[in-house]
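Read the structure below first, then the notes.
Numbering (this note's numbering), first residue to last: 162 to 463.
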């Protein structure tokens, strides 16, 4: 089990404890803000579970049916999760509005506040762990998970504010208002995850800054490097791909051209641990009758 799967299991365990605690507290008091936060935590369990399965499947080696690997399952998981989360966000908003119109009573207990403070602490811990692992591994499911747990911080703050304001004023408006805010936060988070998932399925290019760095690394290669063209990049799950045509001096040997391509692959591999590079070697264009002294490319030869 790699570090990504361990981080995902940690998130599942913590979110399960939080969801149960919030539903218990919300059921006792009738607080919609606490109950909606509990539903949000239950979705965290679902989302982290899907992420765990997606990460596990994506880590499997390529096979005859999937010769480029299984990385796109991470994008599919992100799209599926976001659709479920959007539905839950709409449900929270609808339930809060209906409860406000019916003016149902809410009886707060110290359990509500205690559970939400505990949830706040757990959300900070989980989000920090997931962000750290996501940055280290480039995992899209973990990045989506970290984004959702970060949004939990706002929903937890909202629930705590709702409990305090409603308790001291005796009005349920604050509870239901913050429940709607939680629902909106969930919708916004889901929209961002959905966009990232679709972007991966559409083979979106890698970040522009990284693409510029790839160009810089290629351009400073020594003899027999003579240029490049047709550079293309894309992202599939947590995997990055780049392919291009590498020009080599037509007077270079096959071994020299091959060594050049290996050197380029090695240097580019240092940029991102999941970068897969495919290089097509081509000779310098046109007829070449230059000598070692007149050819700028050959003069770079050590």
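We put the CB at the ideal spot given by N, CA and C, even for glycine.
Please read these numbers as outputs of a predicted model, since none were measured by experiment.
The alpha-carbon of residue 319 is positioned some 27 Å away from that of residue 170. A residue is called buried once 16 or more other Cβ atoms fall within 10 Å of its Cβ, and residue 331, having fewer, is exposed. For residue 442, the secondary structure class from DSSP, reduced to helix, strand or coil, is strand.
Here residue 212 has 169, 302 and 306 as same chain residues with Cβ atoms under 6 Å from its own Cβ, once five neighbours each way along the sequence are excluded. Counting along the chain, residue 252 sits inside the alpha helix (DSSP H) bounded by residues 233-263. Out of 275, 233, 260 and 312, the CA that lies nearest to the CA of residue 289 is found in 312. Closest option to residue 178, judged by alpha-carbon separation, among 163, 347, 191 and 204: 204.
Within the region 315-380, the alpha helix (DSSP H) runs of at least 4 residues that lie entirely inside it are, in chain order, 334-362 and 369-380.
Boundaries of the alpha helix (DSSP H) around residue 176: 164-190.
Residue 446 holds the alpha-carbon nearest to the alpha-carbon of residue 410 among 446, 401 and 262. For residue 238, same chain residues with a beta-carbon under 7 Å away, outside a window of 5 residues either side, are 211, 212, 215 and 302 in chain order. In terms of CA proximity to residue 256, 200 leads the group 200, 234, 277 and 181.
Counting along the chain, residue 398 sits inside no beta strand (DSSP E), nor does DSSP assign it H or E at all. In this structure, the alpha-carbon of residue 374 lies about 12 Å from that of residue 392.
Counting C-beta pairs with one atom in each stretch, the region 434-446 and the region 408-426 have three or more that are closer than 8 Å, which means they touch. Using a 10 angstroms sphere on the CB of residue 338, the tally of other CB atoms reaches 16 or more, which defines it as buried.
Under DSSP, residue 409 forms a beta bridge with 386 and 444. A distance below 8 Å between beta-carbons, with the five flanking residues on each side excluded, links residue 364 to the following residues of its chain, in chain order: 395, 396 and 397. Residue burial annotation: residue 357 is buried, with at least 16 other C-beta atoms found within 10 angstroms of its C-beta. Residue pairing of residue 393 in beta bridges, as defined by DSSP: 404.
Assigned with DSSP and collapsed to three states, residue 225 falls in coil, not helix or strand.
The beta-bridge partner set that DSSP reports for residue 273 is empty. Boundaries for residue 299: no alpha helix (DSSP H) harbours it, and the DSSP string shows neither H nor E there. Beta-bridge partners assigned by DSSP to residue 416: none are found. Around the beta carbon of residue 414, fewer than 16 other beta carbons lie within 10 angstroms, which makes this residue exposed. One Cα belongs to residue 362, the other to residue 227, and the distance between them is close to 15 Å. Check the Cα spacing between residue 379 and each of 402, 406, 183 and 181: the tightest is with 406.
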